[in-house]
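Student: Have a look at the structure that comes next, please.
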Amino acid sequence: MGDAIPQIGIQTLIDFWQEGEFPFDKLEKFYTFDQVNEANKASNDGSVIKPVMVIDQDYVPGQ
């Protein structure tokens, strides 16, 4: 249980994405604190799966 082979699993996710079956670009989106209502709306309407609130204005996602 929980085992994965990255060489297969990652390629499978890429294949799903190319076929339009895995919207990884919707998995997360970063919002500033003043965008809390926009983040909530996006979460509720399904346009974003995981809205992430960034409180520290100096934080840069991915760095």
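Each residue of the sequence shown is one higher than the one before, starting from 1 at the first, in the numbering used here.
Even glycine gets a Cβ: it sits at the ideal position worked out from N, Cα and C.
#1: Is any beta-carbon of chain B found at less than 7 Å from that of Gly-46?
#2: Taking the alpha carbon of Thr-32 as the point to measure from, which residue in Phe-24, Val-54, Ala-42 and Gln-18 has its own alpha carbon closest?
#3: Counting Cβ pairs, one atom from each stretch, are 3 or more of them under 8 Å apart for the region 2-10 and the region 18-28?
#4: Looking at C-alpha atoms only, which residue of Lys-26, Leu-27 and Val-52 is the closest neighbour of Asn-37?
#5: Would you kindly work out how many angstroms separate the C-alpha atoms of Ala-42 and Asp-34, rounded to a whole number?
Tutor: In short:
#1: Protein chains in the displayed structure number just one, and chain B is not present.
#2: Position 32 of the sequence shown holds residue 32. For Thr-32, the nearest C-alpha among the options comes from Val-54.
#3: no
#4: As a position in the sequence shown, residue 37 is number 37, starting the count at 1. Selected option, being the one with the closest Cα: Val-52.
#5: As a position in the sequence shown, residue 42 is number 42, starting the count at 1. As a position in the sequence shown, residue 34 is number 34, starting the count at 1. Computed Cα separation, rounded: 14 Å.
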